[in-house]
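Peer 1: This is the structure I want to talk about, given as structure tokens.
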Amino acid sequence: MAEAMAVFQALQRAKEMNITTLTLASDSQKLIKALNQDIHLMEIHGIQHDILDLSSTFISVIFVYIPRNLNRDADALAKAALRNLVTEPV
Numbered sequence: 001m002a003e004a005m006a007v008f009q010a011l012q013r014a015k016e017m018n019i020t021t022l023t024l025a026s027d028s029q030k031l032i033k034a035l036n037q038d039i040h041l042m043e044i045h046g047i048q049h050d051i052l053d054l055s056s057t058f059i060s061v062i063f064v065y066i067p068r069n070l071n072r073d074a075d076a077l078a079k080a081a082l083r084n085l086v087t088e089p090v
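Residue 1 is where the sequence shown starts when you use the UniProt record's numbering, and the numbers rise one by one after that.
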């Protein structure tokens, strides 16, 4: 699930920037529900564990669901970031 990977990468970047409190918004209701209620989803089991483990190192991390129609700017930024990951040389 691309949304889960984006959340994990955002957490990693926030950690690198020494951010200690964070609110992460996503238009993936299924992902946010799984993270907030510790519901294990088979399709993201490994990355979900990594997200929860990394988020425990912050003072505060809040996962918030935002419907896509209210999240257009962030959705466009996320898609651009994913395109850059795919096209950047290694």
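The beta-carbon is built from N, C-alpha and C at its ideal position, and this holds for glycine as well.
Provide the residue span of the alpha helix (DSSP H) that contains PHE8, from first to last.
Peer 2: Residues 2–16.
Peer 1: Would DSSP call GLN26 helix, strand or coil?
Peer 2: Residue 26 is actually Ser in this sequence, not Gln. Three-state DSSP puts SER26 in a strand.
Peer 1: Taking 6 Å as the limit between beta carbons, can you name the residues of its chain near PHE63, skipping five residues before and five after?
Peer 2: So the list reads LEU24, ILE32, LEU35 and ASN36, once near-sequence residues are dropped.
Peer 1: So what does THR21 bridge to, in DSSP terms?
Peer 2: THR21 is bridged to SER60.
Peer 1: Would you mind reading off the limits of the alpha helix (DSSP H) that contains LEU52?
Peer 2: LEU52 -> alpha helix (DSSP H) spans 45–55.
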